[in-house]
Amino acid sequence: MAVDAAAIKTNGHEPSYLEFKGKHSGILGWILSTDHKRIGILYLISLAIFFLVGVTFGFLMRLELISPGRTIMDPQTYNSIFTLHGVIMIFLFVVPGIPAVFGNFVLPILIGAKDVAFPRINLMSWYMYVIGGLLAIIAILLPGGPADTGWTFYVPYSVRTNTNVIVALIAAFVLGFSSILTGLNFVTTVHRLRAPGMTWFKMPLSVWSLYSTAWVQVLATPIIGITLLLVAVERWFGVGIFDPALGGDPVLYQHLFWIYSHPAVYIMILPAMGVVSEIIPVFARRTIFGYKFIAFSSIAIALFGSLVWAHHMFTVGMSDTGQFIFSLLTMLVAIPSAIKVFNWVATLYKGSIDLATPLLFVLAFIFLFTIGGLTGVMQGILSIDMQVHDTSFIVAHFHYVMFGGTGFGFFAAMHYWFPKMFGRMYNRKLAKTYFWFLFIGFNVLYFPMFIMGWLGMPRRYYDYLPEFHSYHFISTIGSWILVAGMLMMVYNIVHSIWKGKVVTEKNVWGGETLEWQIDTPPIHENFVNIPEIEADPYQYKMNEEELEKQEVR
Amino acid sequence: MGMWLFLFTELLLFGGMFLLYSVYRFQYADEFHLAAKELNTIMGAFNTAVLLTSSLTMVLAIIALQRDQKTLSILMQLITIFLALFFLVNKYFEWTAKFHHGIYPGSEQLLSKSSGEILFFGLYYVMTGLHGVHVIVGMFLIAVMTRMTRKDIITKDSYVRLENAGLYWHLVDIIWIFLFPLFYLIT
Chain A
1 MAVDAAAIKT NGHEPSYLEF KGKHSGILGW ILSTDHKRIG ILYLISLAIF
51 FLVGVTFGFL MRLELISPGR TIMDPQTYNS IFTLHGVIMI FLFVVPGIPA
101 VFGNFVLPIL IGAKDVAFPR INLMSWYMYV IGGLLAIIAI LLPGGPADTG
151 WTFYVPYSVR TNTNVIVALI AAFVLGFSSI LTGLNFVTTV HRLRAPGMTW
201 FKMPLSVWSL YSTAWVQVLA TPIIGITLLL VAVERWFGVG IFDPALGGDP
251 VLYQHLFWIY SHPAVYIMIL PAMGVVSEII PVFARRTIFG YKFIAFSSIA
301 IALFGSLVWA HHMFTVGMSD TGQFIFSLLT MLVAIPSAIK VFNWVATLYK
351 GSIDLATPLL FVLAFIFLFT IGGLTGVMQG ILSIDMQVHD TSFIVAHFHY
401 VMFGGTGFGF FAAMHYWFPK MFGRMYNRKL AKTYFWFLFI GFNVLYFPMF
451 IMGWLGMPRR YYDYLPEFHS YHFISTIGSW ILVAGMLMMV YNIVHSIWKG
501 KVVTEKNVWG GETLEWQIDT PPIHENFVNI PEIEADPYQY KMNEEELEKQ
551 EVR
Chain B
554 MGMWLFLFTE LLLFGGMFLL YSVYRFQYAD EFHLAAKELN TIMGAFNTAV
604 LLTSSLTMVL AIIALQRDQK TLSILMQLIT IFLALFFLVN KYFEWTAKFH
654 HGIYPGSEQL LSKSSGEILF FGLYYVMTGL HGVHVIVGMF LIAVMTRMTR
704 KDIITKDSYV RLENAGLYWH LVDIIWIFLF PLFYLIT
C-alpha cells in the first residue's frame, strides 16, 4: 500500500486510531467501532455530558439551600433533584468513570495487548450504558414525575411513591449490566492478553487496581441487579417481598442493597488510586515505593470492602455482635488505604518533583482522600456513627471520598493521558488556574458540611433552622467557585481537542510504562509488534544515573 | 473464561434470591411448610426430568459436532429447544392452575393468607419466573447456534460458541435443580 499523507503525519508507520479508516466511516466509524480506544472516547463524551447534568442538579440544590425556606423550588422538586443528582453521579459518573474511559483506553496498551478480550462485548456495554442513561432521563420526562426516593431506592417508600421509580430502577439495572460486562472483559483481558514477559508483578499498578475493581464489579453487581428487579416486580405485580404490609422485611432490602453498594464504593475509588500510583512516579521521577504493597493493598481493599456493607445500617437495628463485627471490619479497610497513602508520600519524598497539572490533581486527591478516609474511620466507630448518621457530615464525607477522590482522580487521569489520547496539549497555564478554583471551591463547598453535620443538620432536608444559615451560605458560595473552575476546565478540554498544540512526541511526560513507548496518538492496533517485557515498570534509570553523578561529585 | 465468569454472575443473581428465601424460611418455617403443600410435586418432578434430558441432548449435540456429524448435532440442538419449550408449556399450565385457585400476586385470596405464605408465593413466582426468562433466553441462544451450525460458522474445529451456549444451558438446568427441592420437596 502506498504511503499516504496521514501516514507521514504520524511518525511514518500507520494512521493513528483517530484517523484510521475501518469498515465504516464518519460517525458510524465511531459508534460501530470495536477499537477499545474509540470506545474509551465514546465513554468520555457520554460520561462528560451526564456529569455536567449531575453538576447542574447539585448546583441547583445548593442554590435552594442558600437560605432557609423556599428559595427557587418546591420540596417535591427538591426531592427529585437530589435523587437525580445521586443516581446520575453514582451510576453514570463515578462507578463507570475511570474504568470505562481510561481503563478502556489504556488497559490493553499497558499490558501490551492489541485490544480487550471481547471487543464486541465492550462496544455492547457502551450501548447499555447509553441506554441506561437515556432511561434515567426518560424517567424525568414521563408523566408521574422523576423518582423522589434518593438514589438508594429504600423500600417501602420506593414501592409506594407514585413517581417513575420503575424506569429509574430499570435504568440502574441496565447500567449494572454494562458494569458487569466491562468487569468481565477486563478480568479476561488481564488474564489472557498480557504481552510475553509481562508477569503479574511487572504489570503497572493501575492495571492491578483496574483488575481488582473488575472483580468487585463482577461479584457485587448481580446482587444489586436482582434487588432492584425485585423492587420493580413488587411495584408491578404487588408481589410481597420487602413490603412489610405483605410480610416482607425492608431491612433485608437494605442488606441486599448495601452488599452491592458498599463494594461499589471501592469500584469507585480503586481505579482512581491506580491512576495516582501511575502518575506519582512519573512526576517525582522515582520508582514507586513498595510496588507489591500497593498491588496487594488493591486486592485487600476489594476483599475487605466487600465485607463491610452493614456499617450503613448501624442505626436500623442489628445485634450488638453484628454491629461490633462490622465496625471492626470497617476500620480494617483503612489499613490497606493507609498503606497506599504512605507509599505515595514515600515515593514523593526526595523525588525531583515536576509540579505539572496531573500531579497537582493527584496531590489534591491525596489531601482530600485522606480527609474523607479519616472521617470514614470516625463513622466506623459505633458511638460516633449514632451521632452523625444521616447528617450532612456523611454528605461531606462521601463527597470528599467520591468527588475529592474519584473526581479528582478522574481529572488527573484526563490531564495525564490527554496528549496521548488526542495528540494535542491543553493550555497548561489555564489548567493550573482552574485547578486552584476547583480545589478551593471544593473545600469551601464541603467543609462546612462537616461542621453543620456535627451540629445536627440532617441530610436530604429541604428546609433548616436559622442557626445553620451561615454554613449553608458559605457552602453555596463554594459551589459557585467550583462550578466556575469546572466551566474553565470544560472549555480548556473541548477547545484543546480541536485547537490545542499538536503533540507528536511519544513520551510527553517521561513515563516508563508502555503507553509512552508507542505513537502519539496510538495507531489502530496499538503496537506494530507486540513488545517483549523484560524489566519492571517504573524504572527511572535516567534519574538514577543523575543521582549517581551527583554522588560522584 | 468470559463465559464462566458470566455464569458466575448469574449464579450470584439467583444467589441473592436464595438468600432471601432462606431468611424468610427461617422466619416463617411453618407457613412456608403449609404453602409448599399447595404446589404440584409430580408436575415439578416431570419438569425436572424434561430439563435434565435437555441438558443431555445439548451435550450430545456438542459431541456429535466434535465427531463431525453435523446433521445429528443440529437434530440434537432442535430436540433441546423442543424440550425447553415443553418445560415452559408445562410451567404455563402449572401457573394458570394456581391462578385459577386465586393464588397470584396481589389477589384477594392470597392477601388473606398469612404473611409467610404471601412471601412464599411471591418468591415462587419471582424465582420460577426469572428462571423461565432464562429458559427463553437459552432457547433463543441455542436457536442462533443451530442456524450457525447449519451455515457452517460453527464447525468441528470452532465449536467454542456452541460449547458456551451449552454451558449456559447447564446453568439454567442447575438452577432449576436447586429451585425444585426448595419449593416442591421440602414440606
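Line by line, the protein sequences give chains A and B.
Going letter by letter, the first sequence gives residues 1 to 553 in our numbering.
Going letter by letter, the second sequence gives residues 554 to 740 in our numbering.
Ideal Cβ placement from N, Cα and C applies to all residues, glycine included.
Drop a sphere of 10 angstroms on the beta-carbon of residue i, count the other beta-carbons inside from all chains shown, and report buried for 16 or more, exposed for fewer.
i: A245 of chain A; result: exposed
i: H36 of chain A; result: buried
i: E505 of chain A; result: exposed
i: L141 of chain A; result: exposed
i: H24 of chain A; result: exposed
i: V316 of chain A; result: exposed
i: R553 of chain A; result: Legend: pLDDT at R553 of chain A = 44, less than 50; position of this residue unreliable, value from coordinates given subsequently. So R553 of chain A counts as exposed.
i: S665 of chain B; result: exposed
i: L355 of chain A; result: exposed
i: I615 of chain B; result: buried
i: G569 of chain B; result: buried
i: M555 of chain A; result: Since the first residue shown for chain A is 1 and the last is 553, residue 555 of chain A is missing from the structure and cannot be characterised.
i: E534 of chain A; result: exposed
i: N492 of chain A; result: buried
i: L181 of chain A; result: buried
i: H564 of chain A; result: This structure does not reach residue 564 of chain A, given that chain A is present from 1 up to 553, and the question cannot be answered.
i: E467 of chain A; result: exposed
i: Q630 of chain B; result: buried
i: W506 of chain B; result: Here chain B comprises residues numbered 554 to 740, so residue 506 of chain B is not present and cannot be evaluated.
i: F257 of chain A; result: buried
i: E584 of chain B; result: buried
Show which residues of chain A have a CB atom less than 7 angstroms away from the CB atom of residue i.
i: S668 of chain B; result: L246, G247
i: M570 of chain B; result: I226
Starting from the beta carbon of residue i, find every residue of chain A whose beta carbon is closer than 9 angstroms, and list them in chain order.
i: L732 of chain B; result: Within chain A, no residue comes near L732 of chain B; the closest Cβ sits about 14 angstroms away, beyond 9 angstroms.
Can you list the residues of chain B that residue i reaches, using a CB-CB cut of under 8 angstroms?
i: A48 of chain A; result: Ordered by position in chain B, no residue passes the 8 angstroms Cβ test against A48 of chain A, which lies about 29 angstroms from the chain.
i: R192 of chain A; result: M554
Rounded to whole angstroms, how far is the Cβ of residue i from the Cβ of residue j, which I believe are closer than 8 angstroms?
i: A136 of chain A; j: I88 of chain A; result: 7 angstroms
i: K99 of chain A; j: T189 of chain A; result: Looking at the sequence itself, residue 99 of chain A is Pro, so the reference to Lys does not match. No, P99 of chain A and T189 of chain A are not in contact; Cβ-Cβ is about 12 angstroms, not under 8 angstroms.
i: G322 of chain A; j: L368 of chain A; result: About 31 angstroms separates the two Cβ atoms, so there is no contact after all.
i: G441 of chain A; j: Y400 of chain A; result: Not a contact, Cβ separation roughly 14 angstroms.
i: Y578 of chain A; j: Y78 of chain A; result: Look at the range of chain A in this structure, 1 to 553, and you will see that residue 578 of chain A is not part of it.
i: M449 of chain A; j: F361 of chain A; result: The Cβ separation is near 22 angstroms, so there is no contact.
i: I267 of chain A; j: T213 of chain A; result: 5 angstroms
i: I634 of chain B; j: M692 of chain B; result: 5 angstroms
i: I166 of chain A; j: R70 of chain A; result: Actually they are not in contact, since the Cβ atoms of I166 of chain A and R70 of chain A sit about 30 angstroms apart, beyond 8 angstroms.
i: I294 of chain A; j: K340 of chain A; result: 6 angstroms
What in chain A is Cβ-close to residue i, meaning under 8 angstroms?
i: M701 of chain B; result: Within 8 angstroms Cβ-Cβ: nothing; M701 of chain B doesn't reach chain A, min ~15 angstroms.
i: V713 of chain B; result: Ordered by position in chain A, no residue passes the 8 angstroms Cβ test against V713 of chain B, which lies about 12 angstroms from the chain.
i: G555 of chain B; result: A117, F118, I121, L184, N185, T188
i: M592 of chain B; result: The sequence shown places Leu at residue 592 of chain B, not Met. What L592 of chain B touches in chain A: nothing, since even the nearest Cβ is about 17 angstroms away.
Which bits of chain B does residue i rub up against, with CB to CB less than 9 angstroms?
i: P222 of chain A; result: F561, T562, E563, L564, L565, L566, F567, G568, G569
i: L256 of chain A; result: G569, L572, L573
i: V218 of chain A; result: L558, F559, F561, T562, L565
i: L252 of chain A; result: L572, L573, V576, Y577
List, in chain order, every chain B residue whose beta-carbon is nearer than 7 angstroms to that of residue i.
i: G240 of chain A; result: I671, L672, G675
i: V233 of chain A; result: V679
i: L230 of chain A; result: V679
i: I180 of chain A; result: T562
Within the present structure, is the beta-carbon of residue i separated from the nearest heavy atom of the ligand ATP by less than 7 angstroms?
i: Y211 of chain A; result: With respect to small molecules bound, the structure shown includes none, and the ligand ATP cannot be examined in it.
Going residue by residue through the region 597-641 of chain B, where are the continuous beta strand (DSSP E) segments of at least 3 residues, counting only ones entirely within it? The qualifying runs do not exist here; there are none.
What are the complete alpha helix (DSSP H) segments, minimum 4 residues, inside the region 297-366 of chain A? Uninterrupted alpha helix (DSSP H) stretches at least 4 residues long and entirely within the region 297-366 of chain A occur at 320-348, given in chain order.
So within the region 368-432 of chain A, which uninterrupted alpha helix (DSSP H) runs reach at least 4 residues, ignoring any that extend past its ends? Annotation note: the region 368-432 of chain A contains the following uninterrupted alpha helix (DSSP H) runs of length 4 or greater, listed N- to C-terminal: 382-388, 392-401, 408-422.
Enumerate, from N- to C-terminal direction, the unbroken alpha helix (DSSP H) stretches of 4 or more residues contained entirely within the region 155-210 of chain A. Those alpha helix (DSSP H) runs which fall completely within the region 155-210 of chain A and span 4+ residues are 157-160, 165-192.
Using Cβ-Cβ distances below 7 angstroms, what residues of the region 679-711 of chain B are close to chain A? Here the close residues are V679.
Ranges of the alpha helix (DSSP H) found wholly within the region 670-725 of chain B, counting only runs of at least 4: As summarised for the region 670-725 of chain B, there are no continuous alpha helix (DSSP H) elements at least 4 residues long confined to that stretch.
Chain B contacts from the region 62-94 of chain A (Cβ-Cβ distance under 9 angstroms): Going along the region 62-94 of chain A in chain order, one finds no residue with a Cβ nearer than 9 angstroms to chain B.
Unbroken stretches of the beta strand (DSSP E), 3 residues or longer, contained in the region 488-529 of chain A: If we require 3 residues or more, the region 488-529 of chain A turns out to have no beta strand (DSSP E) run fully inside it.
Any alpha helix (DSSP H) of 4 or more consecutive residues that is wholly inside the region 238-300 of chain A: You should have 250-284.
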